[in-house]
Structures are given as C-alpha cells and as structure tokens.
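Residue numbers (my numbering): -5 to 183. To keep things clear, I will list the structure first and then write my remarks on it.
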Amino acid sequence: MSSGTWRRRLARGPGPDVSGQPRFCYCQAQMPRRSSQSRRAEHEQRVREQLREAGLRITGARLAVMDALLSATGPMSHAEIVEQLAGSAGDPATVFRNLTALTEADLAVRTDLGDHVWRFAVKRSSTSKGHEHPHFLCSECGTVECMPTLELRAAPGQRVPRSVRNLDTEVQIKGLCDDCADAADTACG
-5 MSSGTWRRRL ARGPGPDVSG QPRFCYCQAQ MPRRSSQSRR AEHEQRVREQ LREAGLRITG
55 ARLAVMDALL SATGPMSHAE IVEQLAGSAG DPATVFRNLT ALTEADLAVR TDLGDHVWRF
115 AVKRSSTSKG HEHPHFLCSE CGTVECMPTL ELRAAPGQRV PRSVRNLDTE VQIKGLCDDC
175 ADAADTACG
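Printed below as a string of structure tokens:
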C-alpha cells in the first residue's frame, strides 16, 4: 500500500468483559440489541438530540457526518468521510463545514497523528478536554486503531508544570499492526 494511502480496519469488538457483557471501544457506536429498524430510529433520535442541545441545525448532511463518525472504529480524515458518504452528505466543502461545526460544538474532537492530516472522532465524554484514549498508528500501512483508555501519571517525585496539567492530551503509539508484523515475519523467515 502506498505511503499516502490510509485504510481503516473494521473492528470485530474487544470481546466480553468479566461479567460476560460485551465491551465497546469508545469509537464504536453503543446501541442496544433490538431490531435493526428500531436501533436505527433510536440512534438517529439520540444524534438529533445531541445536535439540538449543541444548538446546531439538524440537516441530512450533518446527520450523515455524525453517523459516519459514530460508526467508525477510529478517527477518520475528511477524505475518508467524503469517500464513505459518497455524495450523500453533499460536496467535500459541506462535509468539512459540518466537521468544523461539530468540533466547535464540542460533539467531535480533531486530532493529528503526526502526518499533518486532521482526523475527527465523536467526543464521548463532555468532561474530557482531549481525545479520551490513545491511538495506534501502523508505521507501515497507516492503519489507525483506537486502543483501550490508559491512565497517565507523573512518576512519584516528578514535578509537572502547572501549564502542562490543563492542556489537551493525545497519546499515540506507533509500530507495526498485526498484518504488517506477520508480513514482515513471513518475509524474514
């Protein structure tokens, strides 16, 4: 895959927790198990309520962009969203304006994973300032995956300047994804 091309893996889900209940990544839509039609209606109603509470107009394009972000397994670039929506949300400028409006309304977060491409994801917590969880970026193929939430603390006895304590935090972990690591092992062995 060429270096400028990004692909996204669809998550199979992180598996059940200790009680046997399914767990979900923050970047996955959390919908109850009901008929697909009732799930879809409830999902759209929740999105409409979020937009209303944020003071944003409810438009077809905005609903489509929110739906794309909610169904994503990781942060998506503008180009990926435009490609996924394939005209259903209007032109690329409309998609970008909606992403900007959602970010300004604190319904989405914008992150740069070091490649100078802004990526967007739905903000799941109203109390967090940055992205709630770290992202894994494959340095070979460019796959971006959400990772479980990690807690970061200064080592005992280490002083953190006050100006750093209140900043947004984004954690990135870079390396080879399973597919690229397997391909590298196969090529070497």
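Even for Gly, the Cβ is constructed at its ideal location relative to N, Cα and C.
Inset, instruction - Have a look at Asp173, Gln166 and His37 and flag the residue whose alpha-carbon is nearest the alpha-carbon of Gly108. - result: Gln166
Inset, instruction - Measuring only between beta-carbons, confirm whether Glu134 sits less than 8 angstroms from chain D. - result: No chain D appears in the structure shown, which is made up of a single protein chain.
Legend entry - Extent of the continuous beta strand (DSSP E) run through Val103: Ala102 to Asp106
Legend entry - Lys168 versus Ala102, Ile52, Cys140 and Arg147, residue with shortest Cα-Cα distance: Cys140
Inset, instruction - Look at Thr143 and His129 and say whether their C-beta atoms are less than 8 angstroms apart. - result: no
Legend entry - Neighbour-count burial assignment, Cys186, 16 or more Cβ in a 10 Å radius: Only positions -5 to 183 of the chain appear in the structure, and residue 186 is not among them; the question remains open.
Legend entry - Cys171 versus Gly49: straight-line alpha-carbon distance, rounded: 40 angstroms
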